[in-house]
Amino acid sequence: TATVARNLVAHRNANGAFRSRNDLRQVPKLGPKAFEQAAGFLRIRGGVNPLDNTAVHPERYELVERIATDLGVRPDEITRIPERLRSLDLGRYVSDRVGEPTLRDILAELEKPGRDPRAEFRYATFAAGVTEIKDLRPGMELEGVVTNVANFGAFVDIGVHQDGLVHISQLADRFVDDPKKVVKVGQVVRVRVLEVNEQLKRIGLSMKSPGRGAGPPGGGGGRRDDQRGATSEPKPRYTVNDLMAKFNKKRQS
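Quick note: the sequence shown uses my numbering, first residue 1102, plus one each step.
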């Protein structure tokens, strides 16, 4: 909470830098439960325990000390032997409290202590001068970030205050049967503007390589619905505007 954050800063200003995660227990309003939830996310650089500068939670320190003992090193030396950590028999340490996935996460942290996970996050670089839907033109290539994935495609924020739709038929040069296999929320993607309807505030986008052909959105380019020889009634062909209107109506209901 904001109160705890202020108390953390006040405690640091009054007492100097935190030397260990346990020092956090002295902060007013930061109780046992808050400490349990926050400890793994707080890093103490240059502290008394090197593990305080990793994402390993204090409740797993005892396990790390056991691993270090089995490897014949001190706990503060365990981060210096990544090769031996990678060859560790994890089965020896699996228990009803700690499974193999958790153990792998712990070892990954020990191999790269102090790693800042934020460095792995990539932001979309919106095009200069393109800030409103009126600035868009068919053929423009832009960078954006996926904001939602539906069964008919993905919505992408390209920095114009209105998400565009990449229909399933425009997600890739290859056949796509499920958009979630190609994109995920938060992913930075490169798109090309196919169509813009400023009045309805709808934008059609494509992630296909240039020259691969846009094809009519909703025309079946992403799904294999063409059963040759079938005599059934043809399925309706939706435009990008139809799909976005349908999706927005569903979200509002």
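We put the beta carbon where it would ideally sit given N, CA and C, even for glycine.
This structure is a prediction, so every number in the text was calculated from the model and none was measured.
Tell whether a beta-carbon distance below 8 Å holds between residue i and residue j.
i	j	result
SER1121	VAL1149	yes
VAL1294	LEU1204	no
GLY1245	VAL1283	no
VAL1261	MET1308	no
GLY1287	LEU1272	no
LEU1243	ALA1229	no
GLU1160	PRO1183	no
Report the rounded CA-to-CA distance for residue i versus residue j, giving the unit in angstroms.
i	j	result
GLU1210	GLN1300	51 Å
GLY1265	VAL1289	14 Å
GLN1127	ALA1139	14 Å
ARG1146	LYS1235	49 Å
ALA1103	ARG1198	33 Å
ASP1206	GLY1312	43 Å
HIS1158	ASP1258	35 Å
ASP1326	LEU1306	Summary for ASP1326: the model assigns pLDDT 43, below 50, so the residue's position carries little reliability, and this model does not support an answer.
Going by CA-CA distance only, name the one from the options that's closest to residue i.
i	options	result
VAL1247	ALA1225, ALA1106, ASP1124	ALA1225
VAL1297	GLU1233, GLU1137, GLY1132	GLU1233
LYS1302	ARG1181, ILE1269, GLN1263	GLN1263
PRO1280	ASP1258, ILE1259, ASN1252, GLY1132	ASN1252
ASP1274	SER1310, ALA1229, VAL1157	SER1310
ARG1181	ARG1193, PRO1151, ARG1161	PRO1151
ASN1123	ILE1269, VAL1110, PRO1133	PRO1133
Would you list the one or two residues that DSSP bridges to residue i?
i	result
ILE1304	VAL1297
VAL1128	Its beta-bridge partners do not exist; DSSP assigns none.
ASN1252	In DSSP, ASN1252 forms no bridge with anything.
ARG1291	GLU1244
With a CB to CB cut of under 6 Å and the five nearest residues on each side skipped, what residues in its chain are close to residue i?
i	result
ASN1355	Given a span of 1102 to 1354 for the chain in the structure shown, any question on residue 1355 remains unanswerable.
LYS1130	THR1104, VAL1105, ASN1108
VAL1195	GLU1201
LEU1208	LEU1186
Go through its chain and collect everything with a Cβ distance to residue i's Cβ below 8 Å, but skip five positions before and after it.
i	result
ALA1169	ARG1175, PRO1176, GLU1178, ILE1179
ARG1185	LEU1172
PRO1239	VAL1294, LEU1295, GLU1296, VAL1297
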